[in-house]
Amino acid sequence: MVAPAAGVGTGVLGSVLLAAAWRACDIGVNGAANGLALVLYGALLAIAAAVWWGVLIGFAGRRNPTVALLGATAGAAAMVWLFVALLQVPAGYRCR
């Protein structure tokens, strides 16, 4: 039950951070184009994070729930960081 909610939370967090980075650099044609891209990217991130949470809580959570939650949170934070780092400047566009 925790994995889907945590995955959606991770996807939303990644999308919000990426939207802020894009807004700061004026990336994109308009809000609608950016919005669709953010929905698609956020959905992919949410699915990956939900799988990560599910696997870690499913296997490690049986033995030590605290370690499972900390590991899943650290993994989700790493996913968000990679997500924003890779998509922050599409096509090599540099923010000035």
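Quick note on the numbering used here: the sequence shown kicks off at 10 and runs consecutively. Where is the CB? At the ideal position from N, CA and C, for every residue including glycine. None of these values were measured; they are calculated from a predicted model.
Only counting the same chain, and skipping five residues up and downstream in sequence, which positions put a Cβ closer than 6 Å to that of residue i?
| i | result |
| --- | --- |
| residue 20 | 51, 54, 55 |
| residue 10 | none |
If residue i and residue j are in contact, beta carbons under 8 Å, what's the gap, nearest whole angstrom?
| i | j | result |
| --- | --- | --- |
| residue 93 | residue 18 | Wrong, their Cβ atoms sit about 15 Å apart, outside the cutoff. |
| residue 84 | residue 65 | 7 Å |
| residue 76 | residue 69 | 6 Å |
Could you work out which residue in the options is closest to residue i when comparing CA atoms only?
| i | options | result |
| --- | --- | --- |
| residue 28 | 15, 47, 10 | 47 |
| residue 91 | 13, 32, 58 | 58 |
To the nearest angstrom, report how far apart residue i and residue j are at their CA atoms.
| i | j | result |
| --- | --- | --- |
| residue 72 | residue 80 | 13 Å |
| residue 86 | residue 15 | 11 Å |
| residue 62 | residue 88 | 12 Å |
Spatial neighbours of residue i within its chain, please: CB distance less than 7 Å, with the 5 preceding and 5 following residues excluded, ordered by chain position.
| i | result |
| --- | --- |
| residue 96 | 27, 50 |
| residue 12 | 59, 62, 63, 66 |
Report the start-end ranges of each alpha helix (DSSP H) in the region 15-92 that is 4 residues or longer and not cut off at the edges.
40-68
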